[in-house]
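The structure appears right after this line, and notes come after that.
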Amino acid sequence: MEKVDVLLGLQWGDEGKGKVVDVLTPKYELVCRFQGGPNAGHTLEFENQKFVLRSIPSGIFQGDKINIIGNGVVLDPALFKAEAEALEAAGHKLTDRLYISKKAHLILPTHRFLDAAYESAKGSGKIGTTGKGIGPTYTDKVSRNGLRVGDILHNFEEKYRNAIDRHKRILASYQFEYDLPAIEKEWLEGIEYLKKFHIVDSEHVINKSLRAGKKILAEGAQGTMLDVDFGSYPFVTSSNTICAGACTGLGVAPRNIGNVFGIFKAYCTRVGAGPFPTELFDETGDKMCEIGHEFGSVTGRRRRCGWIDLVALKYAVMINGVNKLIMMKSDVLDTFDTIKACVAYRIEGETVTDFPFDLTDGAEPVYKELPGWKTDMTKMSSEAEFPKAFTDYVKFLEDYLETPVAIVSVGPDREQTIVRSSF
Ligand code: GDP
Ligand code: IMO
Ligand code: MG
29 MEKVDVLLGL QWGDEGKGKV VDVLTPKYEL VCRFQGGPNA GHTLEFENQK FVLRSIPSGI
89 FQGDKINIIG NGVVLDPALF KAEAEALEAA GHKLTDRLYI SKKAHLILPT HRFLDAAYES
149 AKGSGKIGTT GKGIGPTYTD KVSRNGLRVG DILHNFEEKY RNAIDRHKRI LASYQFEYDL
209 PAIEKEWLEG IEYLKKFHIV DSEHVINKSL RAGKKILAEG AQGTMLDVDF GSYPFVTSSN
269 TICAGACTGL GVAPRNIGNV FGIFKAYCTR VGAGPFPTEL FDETGDKMCE IGHEFGSVTG
329 RRRRCGWIDL VALKYAVMIN GVNKLIMMKS DVLDTFDTIK ACVAYRIEGE TVTDFPFDLT
389 DGAEPVYKEL PGWKTDMTKM SSEAEFPKAF TDYVKFLEDY LETPVAIVSV GPDREQTIVR
449 SSF
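Going by the working numbering, the first residue of the sequence shown is number 29, and it counts up by one from there.
This is the structure:
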């Protein structure tokens, strides 16, 4: 019996998950998304092409691998159709290789309106969601009001109308104005389009594949600090982004989880509101943003930038049971004279190294400063080429996090990936 390897983000999302899933896919037979929805934007670059995936797993470009949208995902049929059609137009055949779980929940057109209504009702406390209806869809799932992909196969019309009527009543109570006909037709076309794909009991497909000795990679969305239980609540997404989410989001028993690949940027970013202790408001932060092209792949919003936060990262390694680290975007720091890493917080006069309950009361970072490597690493292809200051930085991270850095990414392209001997 094989085990499922899990790849997930350790920060506030956008660590580069899509790129690395694509790089690792040749080692696997199935690639599965287990949570989140089109709030995700996973970027892949290869052969001078660039794709941003929202709901479709990032294993879709490598040969004839099976890709599964698992039960833990929330799916917007209209956005899915647009995404799938764009890939098909670029010559990537999907229908035989992309399976969708019957148990994945549907994002209804009114969920988007509810997302906007809840956000505006929060006023200055708003989360800065992606506006894709993620929170309201998961809310309906947990309150047992949701519609699932499997529902489209029988008497869908009635279930849909009931759900929409219920949402209309909530929207009226928020006095929220919206134009349902403007998006409903496209959404219903999306429902018809979904029927072209294999709509399956994905937990059976996955477990039978494991028993048949097939290798499976689970692809996380968002990041650990956006997890609904362990992230910077309430400034989080509405799903479990952590490793345990792969168990519930795919139907895999905990003992059938294998490697846990934790992916992080050599610095740190965050989109949307919420605490971010190492955030920089100076030219160093601007430089990270500019060199790293830190603008959201979904919303185009400028990502907030700051130094790496090892207090949060160590917490993420612990919660997920990460056994291999993957460091992304180190090239963005290639020209920096010094690199800082937050090794503790000062909170009300105390030095804290265990990630605390609440960051909003002001956690002031305590930094360790390391020399920059001042070397263009973007064309390097093996760890033997690493400059000493870079190797020292990686060693420092490994010691602090007590976990090996197995892959280093030195640019957005598939080829700019250095797999180390510790992989
Ligand atoms: P994801 O959501 O975790 O898949 O990450 P995103 O795609 O939202 O954001 C990562 C961004 O960084 C994308 O624009 C990638 O093309 C880019 N990227 C990934 N790895 C690297 C890297 O090592 N160096 C640089 N400079 N860019 C990278
Ligand atoms: P990937 O998979 C970065 C953030 C939003 C907002 C909060 C809640 O590309 O890493 P939501 O729409 O989920 O209710 O928004 O979570 N967020 C992300 N930030 N990367 C993502 O996905 C994100 N998905 C959601 O900006 O702060
Ligand atoms: Mg992203």
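No residue lacks a Cβ here, since even glycine has one placed at the ideal position from N, Cα and C.
For residue i, count neighbouring C-beta atoms within 10 Å of its own C-beta (all shown protein chains included) and say buried if the count is 16 or more, exposed if not.
{"i": "Phe323", "result": "exposed"}
{"i": "Leu387", "result": "buried"}
{"i": "Lys213", "result": "exposed"}
{"i": "Ser437", "result": "buried"}
{"i": "Lys407", "result": "exposed"}
{"i": "Val170", "result": "exposed"}
{"i": "Asp124", "result": "exposed"}
{"i": "Asp168", "result": "buried"}
{"i": "Pro440", "result": "buried"}
{"i": "Thr265", "result": "buried"}
{"i": "Ser358", "result": "buried"}
{"i": "Gly91", "result": "exposed"}
{"i": "Asp42", "result": "buried"}
{"i": "Tyr189", "result": "Looking at the sequence shown, residue 189 is not Tyr but Arg. Exposed is the call here."}
{"i": "Ala340", "result": "buried"}
{"i": "Gln203", "result": "exposed"}
{"i": "Gly241", "result": "exposed"}
My output table needs one value for residue i: the three-state DSSP class, helix, strand or coil.
{"i": "Asn348", "result": "helix"}
{"i": "Gly46", "result": "helix"}
{"i": "Ser148", "result": "helix"}
{"i": "Ser129", "result": "strand"}
{"i": "Pro164", "result": "helix"}
{"i": "Glu57", "result": "coil"}
{"i": "Val101", "result": "strand"}
{"i": "Ser230", "result": "helix"}
{"i": "Arg298", "result": "strand"}
{"i": "Phe108", "result": "helix"}
{"i": "Ser86", "result": "coil"}
{"i": "Gly400", "result": "coil"}
{"i": "Asn67", "result": "coil"}
{"i": "Tyr261", "result": "coil"}
{"i": "Asp427", "result": "helix"}
{"i": "Asp441", "result": "strand"}
{"i": "Ala246", "result": "strand"}
{"i": "Pro209", "result": "helix"}
{"i": "Gly153", "result": "helix"}
{"i": "Ile198", "result": "helix"}
{"i": "Val288", "result": "strand"}
Please report the Cβ distance between residue i and residue j, rounded to the nearest whole angstrom; I am assuming they are in contact, meaning their Cβ atoms lie under 8 angstroms.
{"i": "Glu307", "j": "Gly334", "result": "4 angstroms"}
{"i": "Ala294", "j": "Thr269", "result": "Actually they do not touch by this definition, with Cβ atoms about 21 angstroms apart."}
{"i": "Pro393", "j": "Tyr373", "result": "6 angstroms"}
{"i": "His195", "j": "Leu107", "result": "Not quite, the Cβ-Cβ distance comes to about 18 angstroms (not below 8 angstroms), so this is no contact."}
{"i": "Gly23", "j": "Thr157", "result": "Coverage of the chain is limited to positions 29 through 451, which leaves residue 23 absent and any answer about it impossible."}
{"i": "Ile234", "j": "Val280", "result": "6 angstroms"}
{"i": "Thr53", "j": "Gly100", "result": "That belief does not hold up - the Cβ atoms of Thr53 and Gly100 are roughly 20 angstroms apart, past 8 angstroms."}
{"i": "Ile291", "j": "Leu35", "result": "6 angstroms"}
{"i": "Gly65", "j": "Asp104", "result": "6 angstroms"}
{"i": "Glu217", "j": "Lys109", "result": "7 angstroms"}
{"i": "Gly302", "j": "Phe263", "result": "3 angstroms"}
Looking at residue j and residue i, is the spacing between their C-beta atoms short of 7 angstroms?
{"i": "Trp40", "j": "Gly328", "result": "no"}
{"i": "Leu338", "j": "Val59", "result": "no"}
{"i": "Val51", "j": "Arg442", "result": "yes"}
{"i": "Ala369", "j": "Ile347", "result": "no"}
{"i": "Ile354", "j": "Leu361", "result": "no"}
{"i": "Thr67", "j": "Ile162", "result": "Residue 67 is actually Asn in this sequence, not Thr. A contact, by the Cβ cut-off of 7 angstroms."}
{"i": "Ser237", "j": "Gly98", "result": "no"}
{"i": "Arg199", "j": "Pro164", "result": "At residue 199 the sequence reads Leu, which differs from the Arg that was named. Cβ atoms of Leu199 and Pro164: not closer than 7 angstroms."}
{"i": "Lys396", "j": "Val371", "result": "yes"}
{"i": "Ile94", "j": "Glu111", "result": "no"}
Taking the alpha carbon of residue i as the reference point, which residue from the options has its own alpha carbon closest?
{"i": "Thr431", "options": "Phe289, Phe74, Leu126 and Glu57", "result": "Phe289"}
{"i": "Val80", "options": "Pro54, Phe385 and Ser325", "result": "Ser325"}
{"i": "Asp389", "options": "Met355, Lys223 and Pro305", "result": "Pro305"}
{"i": "Arg172", "options": "His133, His182 and Leu181", "result": "His133"}
{"i": "Pro384", "options": "Thr445, Ser260 and Gly320", "result": "Ser260"}
{"i": "Met29", "options": "Arg283, Ala344, Leu398 and Tyr343", "result": "Arg283"}
{"i": "Lys131", "options": "Glu185, Gln63, Arg189 and Asp314", "result": "Gln63"}
{"i": "Thr297", "options": "Arg140, Met356 and Glu220", "result": "Met356"}
{"i": "Phe451", "options": "Leu115, Glu378, Val350 and Arg82", "result": "Val350"}
{"i": "Lys78", "options": "Lys93, Tyr395, Leu115 and Gly65", "result": "Leu115"}
{"i": "Leu222", "options": "Leu398, Ala340 and Leu126", "result": "Leu126"}
{"i": "Thr138", "options": "Lys109, Arg82, Ala149 and Pro209", "result": "Pro209"}
{"i": "Asp255", "options": "Gly241, Cys271 and Arg176", "result": "Cys271"}
{"i": "Gly69", "options": "Lys160, Ile94, Lys93 and Lys55", "result": "Lys160"}
{"i": "Glu483", "options": "Gln444, Tyr395 and Leu122", "result": "Only positions 29 to 451 of the chain appear in the structure, and residue 483 is not among them; the question remains open."}
{"i": "Arg82", "options": "Phe418, Ala117 and Lys45", "result": "Lys45"}
{"i": "His182", "options": "Gly153, Glu220 and Asp193", "result": "Glu220"}
{"i": "Arg176", "options": "Tyr56, Glu147, Ser148 and Ile227", "result": "Ile227"}
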